[in-house]
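Undergrad:
Put into structure tokens, the structure is as follows:
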């Protein structure tokens, strides 16, 4: 999947050369000083169909980021930079560092190669109306060589933070004043970015984090989920996510034995997870009648333990305030998981403003949270105190 990438697969050409060749050429020509995390490798226009309505300049960039799997060395990562139309305000446009939700592990699923969904178009357009430019990473291994380390918090954080560094260095009219914003996988990536930032990117002026549908897994929570899985009778969106976790880990660890994590019934979908995007994989898993009960082996937790360690946040105490939006009908990232993060982050000393949206599911919560996140954002951007809310009442 990742070993041989065509220009068509990457969907981007630079002066008639495939982007992979551009990586090699640019890196070979760069000085040691320039070859560091956040350095720009290439930049080109983003097709209108892949941008947002009423945008000004729209770019697809490739930049270098620290390999989040090993914690050392550099890897190329792609991102979009979308600037509002019109003249930049004094000091430049502040930035929303957008962390996207699960799309799949294959390069073809990379957000910068696909149009925004109607939901995300509405959501990000609202942030642009608030006066923010959008910097949206694809994450390590999506649209670029190598395996996508799905849900690995360090890899996600480095990709997000270095995308902002690259944009600030290369795109005129931006200012170093940042909101980190994410949904689902991206909610976790946003939290992780804020958690890693003080040590990894102290040069970035992060004002706050907005996360919806945010995942939070600990060994205790995983054990409880697996115990409940044995009672499950219907299809759950979590089935596709477990397959993607397993597929990603298999690509990173040649010694992984998938039969210790997944049943024979789940093997066709497990193999498909390498080349399918989320919608196709979910359709296949549901068609095959997969449930958490019949897809996972009793040894799943043990087999996936190393991968689960990579999903842990380095700290639950963030330096800036955190907004969390949760739907009470969320089945993709169950409400109790998100409540667990809110409770743990509050206990750790993070200023958390949590909101519960009655009857809304994983996707519906995104745009429903906009009015509340607007007030939160106005406060943190102005340096004003945020009212903490650790025990939200459904609204």
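Numbering (this note's numbering), first residue to last: 27 to 421. Cβ atoms here follow ideal geometry from the backbone N, Cα and C, with glycine treated the same way.
1) Got a sec, what are the start and stop residues for the alpha helix (DSSP H) residue 264 sits in?
2) Suppose only complete runs of 4+ residues qualify. What are the alpha helix (DSSP H) ranges in the segment 142-166, listed by chain order?
3) For residue 350, list the residues DSSP reports as bridge partners.
4) May I ask you to verify whether the segment 298-312 touches the segment 259-266, counting CB pairs closer than 8 Å and requiring at least 3?
5) Find out if the Cβ-Cβ distance for the pair residue 224, residue 363 is shorter than 8 Å.
6) Quick one: residues in its chain with C-beta nearer than 7 Å to the C-beta of residue 366, no 5 flanking neighbours on either side, listed in chain order?
7) Would you mind working out which of 315, 338, 168, 71 sits nearest residue 125, comparing C-alpha positions?
8) Rank 200, 301, 304, 331 by C-alpha distance to the C-alpha of residue 286 and give the top, closest one.
9) For a quick check, are the C-beta atoms of residue 299 and residue 273 less than 8 Å apart?
10) Is the separation between the beta-carbon of residue 351 and that of residue 395 shorter than 8 Å?
11) Could you tell me the distance, in whole angstroms, from the CA atom of residue 400 to the CA atom of residue 288?
12) In angstroms, rounded to a whole number, what distance separates the CA positions of residue 213 and residue 131?
13) Go through its chain and collect everything with a Cβ distance to residue 64's Cβ below 6 Å, but skip five positions before and after it.
14) Would you call residue 409 buried or exposed, if buried means 16 or more other Cβ atoms sit within 10 Å of its Cβ?
15) Just verifying my parser: in three-state terms, what is the DSSP assignment at residue 408?
16) Can you tell me whether DSSP reads residue 106 as helix, strand or coil?
17) I'd like the span of the alpha helix (DSSP H) that includes residue 307, first residue to last.
18) Would you tell me roughly how many angstroms separate the C-alpha atoms of residue 176 and residue 313, rounded to the nearest one?
19) For the alpha helix (DSSP H) containing residue 202, list its first residue and its last residue.
20) To the nearest angstrom, how far is the alpha carbon of residue 101 from that of residue 381?
21) Per the DSSP calculation, residue 196 is bridged to which residue(s)?
22) May I ask you to verify whether the segment 138-158 touches the segment 312-326, counting CB pairs closer than 8 Å and requiring at least 3?
23) Between which two residues does the alpha helix (DSSP H) holding residue 318 run?
24) To the nearest angstrom, report how far apart residue 83 and residue 109 are at their CA atoms.
25) Look up residue 90 in the DSSP assignment and give the residues it is bridged to.
26) Leaving out five residues before and five after residue 1 in sequence, what residues of the same chain have Cβ atoms less than 8 Å from its Cβ?
27) Just mark residue 160 as buried or exposed, buried being the case when its beta carbon has 16 or more other beta carbons within 10 Å.
28) Run through DSSP, which three-state label would residue 414 get?
29) Going by other Cβ atoms of all chains shown within 10 Å of its Cβ, with 16 needed for buried, is residue 374 buried or exposed?
30) Using 8 Å for Cβ pairs, my map puts residue 342 next to residue 371. What's the rounded Cβ distance?
31) Do you know whose CA, among 198, 387, 418, 259, lies nearest residue 117's CA?
32) What number of angstroms, rounded off, separates the C-alpha of residue 345 from the C-alpha of residue 185?
33) Where residue 321 and residue 284 are concerned, what is the direct C-alpha to C-alpha distance, given to the nearest angstrom?
34) Does DSSP put residue 69 in a helix, in a strand, or in coil?
35) Among the candidates 61, 95, 127, whose CA atom is the shortest distance from the CA of residue 359?
36) Name the one or two DSSP bridge partners that residue 288 has.
TA: Taking the definition as stated:
1) 264-278
2) 144-155
3) 237, 380
4) yes
5) no
6) 242, 247
7) 168
8) 331
9) yes
10) yes
11) 43 Å
12) 17 Å
13) 188, 191, 192
14) exposed
15) coil
16) strand
17) 304-313
18) 24 Å
19) From DSSP, residue 202 is part of no alpha helix (DSSP H) but of the beta strand (DSSP E) over 200-209.
20) 37 Å
21) Bridge partners of residue 196: none, in fact.
22) no
23) 318-321
24) 5 Å
25) 102
26) The structure shown has nothing for residue 1, since the chain only spans 27 to 421.
27) buried
28) coil
29) exposed
30) 5 Å
31) 198
32) 19 Å
33) 11 Å
34) strand
35) 127
36) 322
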